[in-house]
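Written below as structure tokens is the structure these notes are about.
Numbering (my numbering), first residue to last: 600 to 931.
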């Protein structure tokens, strides 16, 4: 049985009933901040690629201060926060005043994020996947992806739903093997990049989640180093002018239709770079999933793998991933 799936299915059945009572579903809107916001990206990418449902995402504070006029009773608003990011709690409340059906995705059932919404779904919020690979898709990202596949099944008669469920079943074994295989690589990565303070991180497709999360959460927030997330397809429209043999660059090569974008970036780095590191989802085993759905799981695999490498670098730098200069220290 796929962990977390029953809870998602049970809540989504109630959500659909609430939407049906309002006349149906018109759009899905994700509201969150930082890592919680980008965690919905694979779900959004999936819905954009495979479905007819309009899907949007907003920083919670922007949603509160510039609420789209389209938010109404035919809108499903999903607010994500591990505990109770104040802007996200307020965004959920604003969505409810507009008549939207709301879900709180949270790490805790008693959090304000969960309790402010009409419905809530909890997820595993720490790095439990290191000890128990079966939890690798039980994060906020994996939970949002399960919701997206459910929506496609219910509203678009999605033909590959069963293949997606098979992928959820296979992913823990793939990740568990990848995690073990990356242990020596993580040590090498740590020693190679311990002194770098400026980074580019690149990816495409659903793996864009990993670049964004790495840049803003792992490198900047948790390691206090500058990092620019760059889409592989956009790399050649500005960012590649900063490339040289000394610039630290991390490239994620996806499995799926956008892989040629990553391969093009790799070819350029081989010519003009020299201080780059590549994580290939295919080499990590993601191509074992059915090709009809594999690309939507790129970030689900590469997100924890990338944190494994960056955390090892943090250990060598003696800069814990838990360290913060400003966050949670005072009002801001």
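We put the beta carbon where it would ideally sit given N, CA and C, even for glycine.
query	result
Stretch-stretch touch, CB-based, cutoff 8 Å, three pairs: the stretch 821-832 with the stretch 902-918	yes
Alpha-carbon to alpha-carbon, residue 841 and residue 604	44 Å
Nearest-angstrom Cα separation, counted from residue 757 out to residue 615	16 Å
For residue 879, the three-state DSSP class (helix, strand or coil)	strand
Closest residue to residue 787 among 636, 914 and 602 (Cα-Cα distance)	914
Reference residue 772, options 607, 900, 924 and 624, closest by Cα	900
Reduced DSSP category for residue 663 - H, G, I as helix; E, B as strand; rest coil	helix
Best match in 663, 923, 881 and 754 for proximity to residue 632 [C-alpha to C-alpha]	663
Pairwise C-alpha distance: residue 832 and residue 882	21 Å
N-terminal and C-terminal residue of the alpha helix (DSSP H) that residue 902 is part of	897-916
Residue 732 versus residue 878: straight-line alpha-carbon distance, rounded	19 Å
Of the residues 804, 872, 902 and 884, the one placed nearest residue 857, counting alpha carbons only	804
Among 719, 903, 820 and 844, nearest to residue 925 - alpha-carbon criterion	820
Residue range of the alpha helix (DSSP H) that includes residue 798	Premise fails: residue 798 lies in the beta strand (DSSP E), 797-802, not in any alpha helix (DSSP H).
Reduced DSSP category for residue 658 - H, G, I as helix; E, B as strand; rest coil	strand
Inter-stretch contact at 8 Å, needing at least 3 Cβ pairs: the stretch 707-715 / the stretch 610-628	no
Distance, residue 640 Cα to residue 750 Cα	15 Å
For residue 908 and residue 785, believed in contact at Cβ under 8 Å, the rounded distance	5 Å
Option nearest residue 668 by Cα separation, candidates 795, 699 and 777	699
Close beta carbons around residue 618, own chain, < 6 Å, minus the five adjacent residues each side	624 and 700
Short Cβ contact (8 Å threshold) for residue 672 with residue 630	no
Residue 825 - DSSP class collapsed to helix/strand/coil	strand
Beta-carbon proximity check, residue 722 vs residue 742, cutoff 8 Å	yes
Span of the alpha helix (DSSP H), counted from its first residue to its last, around residue 773	760-792
Residues bridged to residue 864 [DSSP beta-bridge criterion]	Paired residue(s): none; residue 864 is not in a bridge.
Contacting residues, own chain, Cβ-Cβ under 7 Å from residue 834 (five flanking each side not counted)	801 and 864
Residue range of the beta strand (DSSP E) that includes residue 633	From DSSP, residue 633 is part of no beta strand (DSSP E) but of the alpha helix (DSSP H) over 633-637.
Paired residues, beta bridge with residue 851 - DSSP	878
Boundaries of the beta strand (DSSP E) in which residue 677 is found, first to last residue	674-679
Backbone CA spacing between residue 753 and residue 728 [nearest angstrom]	29 Å
Collapsed DSSP secondary structure at residue 703 in the structure displayed	strand
Extent of the continuous alpha helix (DSSP H) to which residue 691 belongs	685-696
Closest Cα partner of residue 873 within the set 644, 845, 902 and 931	845
Alpha-carbon spacing of residue 702 relative to residue 746, whole angstroms	11 Å
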